Every structure is written in C-alpha cells, then in structure tokens.
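Student: Got a structure for you, written out below as structure tokens; questions coming shortly.
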Amino acid sequence: MPIADSDGTSIYYERHGSGPAILFVHGSGGHHAAWWQQVAALRNEFTVVTIDLRGFGKSDSSMLEFDGQDFPGDVVAVLDQEDLTDVMLVGQSIGSVAALRAGLLRPERVSSVVLGHSLGGISHPELKELAAADRAEAVKLPVIDRLLTKPFQRERADLTFLFQQMGTFNVARMQDLRNLDTDGPSLDDIQASGVKVAFLAGEKDAVLSVKTVTRAHELLPGSHLEIVEGAPHSMYWETPTEYNAAVAQLRRTLTTPKEAA
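One rule links them: number in this note's numbering = place in the sequence shown (from 1) + 46.
Rendered as structure tokens:
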C-alpha cells in the first residue's frame, strides 16, 4: 500500500498508468476512489495519481482536528516520494486550494495547476467579494442540489446514491477544514512561480458562477479558462466524458518553460 510521510502524517495515494503525470486532489466529500471514472479513462495516456488528504479515505485520520493549511504538504509529500516532475495538479473544489499551494511550493515539480470549480484560495479583494456572493446563493439550496443537477439526480439515482456514500468514508468534514483560504497566494505570487494556471468550471455550477471564474481568468494574465456546457459543480462525477476530455486536453497543451527554475 503506497504511503507518503507528510511531517509524520501517513498519506495514502495510488499511481496508475504511464506518460505525462496528472495528480488529482479531491474535494470535501471525496477521496482517491472518487476519481474512478478519470483513472479508467486517462491511465492509458497519462500517469494518473490519486491521493487521500489527511482525514480522508485511507490517510491518517487520527488527529482531533483538521487544518486546511496542512493539505498542500500532503500533496507535496506524494510528489516528492514519487519523484514526479512536469506534473499537472487538478483540484476539485476545496482540493484546488491545496493543489495551487502545492504547485507554488514545488514549481520545479509542477508545471500547471487546474483549479476545478474553485478560485484556489487566491487572495484578491474583488474575487473574494464575488465568491462570497456566489456562496450566499448556494447555501439556499440543499447540499446535493449544489453539487449535481436535478435531472441527473432523477435519471441516475444509483450514481447519486454512490456519490453521497463516498463521503461516509471520511472522518474530516467541511466544517472541520478551517483556514482553507487564509493567507492565500496573490496574483503576483502565482505569476512569479512560473506555474501555469487553468480555471475549469461548469456552466451550471451552483457553488461558483461562471461570471466569477471568468473574472478570475481576466485578472490572472496567462491563465486559461475552460467552461463546460451543462456541467455542474461535481462535473467529474456527473459529466465525466466532458470532464476527462477537458483535463486530457489541458495536460497535452499546458506546459511551462523551466529554464529559469
């Protein structure tokens, strides 16, 4: 069983396939197995790495409380143990915060970061205001309606049930994950790192609006923007074909010169 040591905390991860590397960082209800539709679709072309952040899945969950500030180190521990380079980190929701910070901590290993349905904790007053307004609307909805569309819930009750069950394997909960956005990187920090950033969002994301994501893209020079038509917040689960195609295309095209590293 592959385990990485993150400052004394055991972090479970899996590595599949071969080729250019993609490392997926799950959100608050996920863990390594949530990426089953991505691993199966991408492992023939890419090295696909999935991890469990502390408090999730098979990673150490024995601590009394969890701090989002520790998550980037969990990602870095796996990058270092596997000696990965030219990696594209793909975050989902809160996982994007950990992904972006890990990329900035290890720019010699990470060539790009895809912020899935998230601003990655970027510190910028306008973006914080826009994201807060989006959250104020999202909390009016039942949790499941924020994540999956109503038609999907009706037509795929089986996958909706499995989606909800995924979170039962985790000890950490959203309310435990304090400090997720505290002291986030600035736009200048990201540009100075040389790490490429892509915003990947769904047209029907009920948590973070297309308008907000588009504004983040406009404010970050050199960033990429991918909006998937009809996709919800949990695009990786509900519309995996479109999600996988977007991730694969980003992995093929996003590169960062490292001569200055």
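We put the CB at the ideal spot given by N, CA and C, even for glycine. Here the structure is a predicted model, which is why all the values come from computation and not from measurement.
#1: Would you list the residues sitting across from GLY243 in a DSSP beta bridge?
#2: Sorted by chain position, which residues of the same chain lie with C-beta nearer than 6 Å to SER232's C-beta, five sequence neighbours on each side aside?
#3: With C-beta atoms as the reference, is VAL124 less than 7 Å away from TYR58?
#4: In angstroms, rounded to a whole number, what distance separates the CA positions of THR299 and VAL241?
#5: For ILE273 and ALA50, what's the separation of their Cα atoms in angstroms?
#6: Taking just the CA atoms, how far does GLY167 sit from ALA307?
#7: Can you name the start and end residues of the beta strand (DSSP E) that GLU91 belongs to?
#8: Curious, which full-length alpha helix (DSSP H) runs of at least 4 residues does the segment 102–160 contain?
#9: Taking all protein chains shown into account, decide if THR287 is buried (16 or more other Cβ within 10 angstroms of its Cβ) or exposed.
#10: Can you tell me whether DSSP reads GLU305 as helix, strand or coil?
#11: Could you spell out where the alpha helix (DSSP H) holding ARG261 opens and where it closes?
#12: Can you tell me whether LYS257 is buried or exposed? The criterion is at least 16 other CB atoms within 10 Å of its CB, across all chains shown.
#13: Report the partner residues of ASP51 according to the DSSP bridge assignment.
#14: Have a look at VAL34 and HIS78 and give me their C-alpha separation to the nearest angstrom.
Tutor: Short version:
#1: The sequence position of residue 243 within the sequence shown is 197, counting from 1. The question names Gly, but residue 243 is Val in the sequence shown. VAL159.
#2: By 1-based counting over the sequence shown, the position of residue 232 is 186. So the list reads SER169, once near-sequence residues are dropped.
#3: Counting from one through the sequence shown, the residue named residue 124 turns up at place 78. Counting from one through the sequence shown, the residue named residue 58 turns up at place 12. For VAL124 and TYR58, no; Cβs fall outside 7 Å.
#4: As a working note, residue 299 is residue 253 in the sequence shown. As a working note, residue 241 is residue 195 in the sequence shown. Cα to Cα, the separation comes out at about 13 Å.
#5: As a first step, residue 273 must be located in the sequence shown, where it is residue number 227. As a first step, residue 50 must be located in the sequence shown, where it is residue number 4. Each residue's Cα considered, the two are about 34 Å apart.
#6: In the sequence shown, the residue the question calls residue 307 occupies position 261. In the sequence shown, the residue the question calls residue 167 occupies position 121. Only weak support exists for where ALA307 lies, its pLDDT of 39 falling under 50; the value from the coordinates is given anyway. CA-CA distance, ALA307 to GLY167, rounds to 24 Å.
#7: In the sequence shown, counting from the first residue as 1, residue 91 sits at position 45. Note, GLU91: premise wrong, no beta strand (DSSP E); not H, not E.
#8: Within the segment 102–160, the complete alpha helix (DSSP H) runs of at least 4 residues are 117–127, 140–151.
#9: Indexing the sequence shown from 1 puts residue 287 at position 241. With fewer than 16 Cβ atoms within 10 Å of its Cβ, THR287 is classed as exposed.
#10: Translated into positions along the sequence shown, residue 305 becomes position 259. Caution is warranted here: a pLDDT of 45 is assigned to GLU305, below 50, making its placement in the model unreliable, and the coordinate value is therefore given only provisionally. Here DSSP, grouped into helix, strand and coil, assigns GLU305 to coil.
#11: By 1-based counting over the sequence shown, the position of residue 261 is 215. The continuous alpha helix (DSSP H) containing ARG261 extends over residues 256–265.
#12: Locating residue 257 in the sequence shown gives position 211, counting from the first residue. Exposed, since its Cβ has fewer than 16 Cβ neighbours within 10 Å.
#13: Position 5 of the sequence shown, counting from 1, holds the residue named residue 51. DSSP lists SER56 as partners of ASP51.
#14: Here the chain comprises residues numbered 47 to 307, so residue 34 is not present and cannot be evaluated.
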